[in-house]
Amino acid sequence: MIHRSRARIAVIVTLAILAFILILAPYIAPFDPTQVKMEERLKPISMEHLLGTDHLGRDVFSRILTGAQTTVGASFLILFISLLVGVPFGLLSGYLGGKIDRIFMRIVDAFMTFPDYIVAIILSGFLGPGMFNLVLAIVMVKWVGYARLARSVVLTEKQKDYISMAKINGMSSLNILRRHMIPHVTGNVMVLATLDIGKIILMIASLSYIGLGAQPPAPEWGAMLNEAKGFFYNAPQLMLIPGLSIMMVVLIFNLLGDYLRDHFDVKNQKG
Amino acid sequence: MKQIGKRLLELCLFLFLLSIISFVFMKAAPGDPVRYMLNIDDVAISNEQIESLREELGFNDPVYIQYWNWLIRFFQFDLGDSFMTKQPVIEELASKIPATLTLTFSSMVVMMLIAVPLGTLAALYKNQWIDHASRIFALIGASVPSFWLGLLFIQFFSVELGVLPSMGSDGFFHLIMPSLTLGIAMAAVYVRLLRSSLLESLGQDFIRSARARGLSPKRIFIYHTFRHCLTPVITIFGVSLGSLLGGTVIIEVLFSYPGVGKLVVEAIIRRDYPIIQGYVLFMGLFVVIINLLVDLSYRYLNPEIRLKGADRQ
């Protein structure tokens, strides 16, 4: 029991540090992340440049910090919009039932048939490369899961006696949704959301890596890895640092997600 | 049989819808392909040239006529020509598909070779060191970006040791790193799923009664437990084949492996619409067929579903 709570504290502390970095990145960064200094290119790790410099002489530490804002910030934005679209959709579809629900399920099924990455790649193919379009594409992939989850929770709750009681007592649909449904949906959605954050970060980084996301010179972890691949011999640290950053952040969110899942005791009810 | 027919009909309808959606999206997409096509030469171009190319490609017709023409050509297996290479899309795709399929299946072999033994051992020796090891493997596997794993492989095997080629596809050695990268990433998901579905079936009544009848543990495991958990495993297999295809896109770009994924990414960056469209249809067809096959294999493996299906008719 002791080491569990210790692990929990560790996760919370790292999350707090991450939040701190995210918000204060521009102030902590010692250099301008996009400033090119050709005479300082590919410098190793030193006191001046904590993580060295890249092929254009830009400070890697500053780029990692501001890159966190792009990568992690965009993932939160994606999650937020997906929740905003998906949850109400699912709530209404499940609550109203009937024809609307059937049509809705068809749309959801069509989305679910395709693997996330294929849909995101195809959508950013239609929309064109760029960070904004990438966010849009991933939202279109992700909202479905939340809609589906919210709907399934509503469907189980709807059958219970207390909802019938509320209806008999003349409670309005809006109030039933607000007072009874939303609290039930929240816990489930929170777990799915924390488990999703890691996946979204990986997706942004991967798609940026292949050139569909953030465009240079914007600092983004995946795009940084793409730029680093020409320097395997001279500066392998350029490739190690962004990758480790991605891995650590995703790992933290995955641990938090696992913890929340045990805490709320929800089974993976995506299906 | 009737249900299979129904599924096939749904499949056709689905592909038709997909073709309309992809067509409409293409037309609404920003970026003028005509300009991209002419810009490759870096020569100054006049508006007249742009207009004549537009006319030649049929871009000045109303959208529904463009779609109709496109559909007719589609049924003649003509998806148009790539803007960039001027080659027919169908040929471009067909020449790249075998490479992608080879990569997908070799990754799947790697995934199975890791996931099946590790998942089985983790279930059999629950809460022992092998189970913990598989948990850590799954956690880290879910947190490492697959393309970074690939970069690490290149750094180690190609740059440091110099034993494996880092790009291209020219025989067995070129396949090793890409399929290891993808296979390991996928195995991380698979191990835990296999473990939990094995554990679930180990706790079932029929396992206990088999044990009571005095069957050997080995026999119980092969004929009862394993067969019982094949259904969820095959579902995941179907889904993972899809995500493998998604994963191949990134891995193909990483290792400069000449497959459909690399083709489509280049097409997206250069706004080569016909290629993107061809890719969408190809992927649609592929994913739907896999789902159909997964569905059919359920029926074969799980008599319960077969009987329920028969009841309904």
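Respectively, the protein sequence lines represent chains A and B.
Numbering of the first sequence is given in this note's numbering, commencing with residue 1 and proceeding in unit increments.
Numbering of the second sequence is given in this note's numbering, commencing with residue 272 and proceeding in unit increments.
Just so you know, even glycine gets a beta-carbon here, dropped at the ideal spot from N, CA and C.
None of the values given here were measured: they were computed from a predicted structure.
Output, in chain order, the set of chain B residues within a Cβ distance shorter than 8 Å of residue i.
| i | result |
| --- | --- |
| LEU84 (chain A) | Within chain B, no residue comes near LEU84 (chain A); the closest Cβ sits about 23 Å away, beyond 8 Å. |
| SER206 (chain A) | PRO416, SER417, PHE418, ILE521 |
| PRO219 (chain A) | Simply none; closest approach about 16 Å. |
| ASN254 (chain A) | LEU410, ALA413, SER414 |
| LEU251 (chain A) | LEU410, ILE411, SER414 |
What in chain B is Cβ-close to residue i, meaning under 9 Å?
| i | result |
| --- | --- |
| PHE114 (chain A) | GLY513, GLY517, MET554, GLY555, VAL558 |
| SER124 (chain A) | ILE539 |
| LEU212 (chain A) | VAL536, ILE539, ILE540 |
Against residue i, what residues of chain A qualify as contacts under a CB-to-CB distance less than 7 Å, listed in chain order?
| i | result |
| --- | --- |
| VAL551 (chain B) | ILE122 |
| GLN475 (chain B) | Neighbours of GLN475 (chain B) on chain A: none; closest Cβ ~18 Å, over 7 Å. |
| ARG490 (chain B) | What ARG490 (chain B) touches in chain A: nothing, since even the nearest Cβ is about 31 Å away. |
| ILE336 (chain B) | Within 7 Å Cβ-Cβ: nothing; ILE336 (chain B) doesn't reach chain A, min ~21 Å. |
| ASN547 (chain B) | With the sequence shown as reference, residue 547 (chain B) is identified as Ile, and Asn is not the correct amino acid for it. Those are GLY125, listed as they occur along chain A. |
| LEU279 (chain B) | By Cβ distance, chain A contributes nothing, its closest Cβ being about 15 Å from LEU279 (chain B), past 7 Å. |
| LEU282 (chain B) | Within 7 Å Cβ-Cβ: nothing; LEU282 (chain B) doesn't reach chain A, min ~11 Å. |
| VAL524 (chain B) | ILE210 |
| VAL596 (chain B) | Nothing about residue 596 (chain B) can be reported from this structure: the residues present for chain B run from 272 to 584 only. |
| ASN562 (chain B) | THR113 |
| LEU470 (chain B) | Residues of chain A passing the Cβ test: none, with the nearest at roughly 14 Å. |
Along chain B, in chain order, which residues have C-beta atoms closer than 7 Å to that of residue i?
| i | result |
| --- | --- |
| ILE216 (chain A) | It is Pro, not Ile, that sits at residue 216 (chain A) in the sequence shown. By Cβ distance, chain B contributes nothing, its closest Cβ being about 13 Å from PRO216 (chain A), past 7 Å. |
| TYR117 (chain A) | SER514, GLY517, GLY518, VAL520 |
Name the chain A residues whose beta carbon is nearer than 8 Å to that of residue i?
| i | result |
| --- | --- |
| ARG542 (chain B) | GLY128 |
| VAL565 (chain B) | Chain A residues near VAL565 (chain B): none, gap ~11 Å exceeds 8 Å. |
| VAL531 (chain B) | The premise fails here: VAL531 (chain B) is roughly 11 Å from chain A at the closest Cβ pair, so nothing lies under 8 Å. |
| GLN426 (chain B) | PHE232, PRO236, MET239 |
| LEU435 (chain B) | Those do not exist, as LEU435 (chain B) stays about 13 Å from chain A at its closest Cβ, beyond 8 Å. |
| LEU501 (chain B) | Per Cβ cutoff of 8 Å: no residues; LEU501 (chain B) is ~18 Å from chain A at best. |
| LEU453 (chain B) | Going along chain A, no residue has its Cβ under 8 Å from LEU453 (chain B), so there is no contact; the nearest lies around 12 Å. |
According to DSSP, what are the bridge partners of residue i?
| i | result |
| --- | --- |
| ASP59 (chain A) | A:THR53 |
| ASP352 (chain B) | B:PRO359 |
When every heavy atom of the ligand FAD is checked, does at least one fall within less than 7 Å of the C-beta of residue i?
| i | result |
| --- | --- |
| ILE64 (chain A) | As for the ligand FAD, it is missing from this structure, which has no ligand bound. |
Below 9 Å on C-beta distance, what does residue i contact in chain A?
| i | result |
| --- | --- |
| VAL460 (chain B) | The premise fails here: VAL460 (chain B) is roughly 11 Å from chain A at the closest Cβ pair, so nothing lies under 9 Å. |
| LEU364 (chain B) | The contacting residues do not exist; LEU364 (chain B) stays about 14 Å from chain A at best. |
I'd like to know if the stretch 449-458 of chain B and the stretch 253-264 of chain A are in contact, where contact means that at least 3 CB-CB pairs between them fall below 8 Å. No, because fewer than three Cβ pairs between the stretch 449-458 of chain B and the stretch 253-264 of chain A fall closer than 8 Å, the two stretches do not touch.
Between the stretch 52-68 of chain A and the stretch 230-245 of chain A, do three or more beta carbon pairs fall short of 8 Å? With a cut-off of 8 Å, the stretch 230-245 of chain A and the stretch 52-68 of chain A count as touching, because enough Cβ pairs lie within range.
Return the chain-ordered ranges of every alpha helix (DSSP H) run that is complete within the stretch 173-218 of chain A and spans a minimum of 4 residues. With a minimum length of 4 residues, the continuous alpha helix (DSSP H) runs that stay inside the stretch 173-218 of chain A are 173-176, 182-209.
Assess, as a yes-or-no matter, whether the stretch 461-476 of chain B is touched by the stretch 394-407 of chain B under the definition of 3 or more beta carbon pairs within less than 8 Å. In short, these stretches touch, since the Cβ pair count reaches three.
Which ranges does the alpha helix (DSSP H) cover as unbroken runs of at least 4 residues, wholly within the stretch 84-157 of chain A, from first to last along the chain? Runs of the alpha helix (DSSP H) inside the stretch 84-157 of chain A: 98-113, 116-127.
Could you check whether the stretch 427-436 of chain B touches the stretch 453-462 of chain B, counting it as contact only if at least three pairs of C-beta atoms, one from each stretch, sit closer than 8 Å? Contact annotation: the stretch 427-436 of chain B does not touch the stretch 453-462 of chain B, with fewer than three C-beta pairs closer than 8 Å.
Is the number of C-beta pairs between the stretch 196-213 of chain A and the stretch 11-24 of chain A that are closer than 8 Å three or more? Contact between the stretch 196-213 of chain A and the stretch 11-24 of chain A is absent, because fewer than three Cβ pairs lie under 8 Å.
Sufficient close CB pairs (3 or more, under 8 Å) joining the stretch 513-525 of chain B to the stretch 112-120 of chain A: Counting Cβ pairs under 8 Å, three or more are found: they touch.
By the 8 Å beta-carbon criterion, what residues does the stretch 370-397 of chain B contribute toward chain A? Flagged: no residues at all.
Taking a Cβ distance cut-off of 7 Å, strictly less, list which residues of the stretch 221-248 of chain A are near chain B, in chain order. Within the stretch 221-248 of chain A, the qualifying residues are LEU225, LYS229, PHE232, TYR233, PRO236, MET239, GLY243, ILE246, MET247.
Is the stretch 345-358 of chain B in contact with the stretch 533-548 of chain B, if contact means three or more CB pairs nearer than 8 Å? The stretch 345-358 of chain B, when compared against the stretch 533-548 of chain B, does touch it at the 8 Å Cβ threshold.
Does the stretch 275-291 of chain B touch the stretch 553-567 of chain B, meaning 3 or more C-beta pairs lie closer than 8 Å? Flag = yes, the stretch 553-567 of chain B and the stretch 275-291 of chain B touch.
Given 8 Å, three or more beta-carbon pairs between the stretch 363-376 of chain B and the stretch 525-534 of chain B: With the cut-off at 8 Å, the stretch 363-376 of chain B and the stretch 525-534 of chain B touch.
Near-chain B residues of the stretch 185-210 of chain A - C-beta to any C-beta below 7 Å: Shown in chain order are the members of the stretch 185-210 of chain A whose Cβ falls below 7 Å from a Cβ of chain B: GLY198, LEU202, ALA205, SER206, TYR209, ILE210.
Ordered list of alpha helix (DSSP H) runs contained in the stretch 476-539 of chain B, each at least 4 residues: If we require 4 residues or more, the alpha helix (DSSP H) runs fully inside the stretch 476-539 of chain B come out as 476-483, 488-491, 501-525.
With three or more C-beta pairs closer than 8 Å as the rule, is the stretch 129-147 of chain A touching the stretch 83-94 of chain A? These segments touch.
Tell me which residues of the stretch 56-90 of chain A have at least one Cβ-Cβ distance to chain B shorter than 7 Å, keeping chain order. If the cut-off is 7 Å between Cβ atoms, the stretch 56-90 of chain A has nothing near chain B.
So, do the stretch 27-47 of chain A and the stretch 223-230 of chain A have three or more beta carbon pairs nearer to each other than 8 Å? By the Cβ rule, the stretch 27-47 of chain A does not count as touching the stretch 223-230 of chain A, because fewer than three pairs are nearer than 8 Å.
Three or more C-beta pairs below 8 Å linking the stretch 337-345 of chain B and the stretch 288-295 of chain B: When C-beta atoms of the stretch 337-345 of chain B are compared with those of the stretch 288-295 of chain B, three or more pairs fall below 8 Å, so the two segments count as touching.
Using 8 Å as the threshold, is the stretch 141-158 of chain A in touch with the stretch 175-191 of chain A, meaning 3 or more CB pairs across them? Flag = yes, the stretch 141-158 of chain A and the stretch 175-191 of chain A touch.
For the 8 Å Cβ check, are there 3 or more pairs between the stretch 196-206 of chain A and the stretch 66-77 of chain A? Taking a cut-off of 8 Å for Cβ pairs, the stretch 196-206 of chain A and the stretch 66-77 of chain A touch, as three or more such pairs fall below it.
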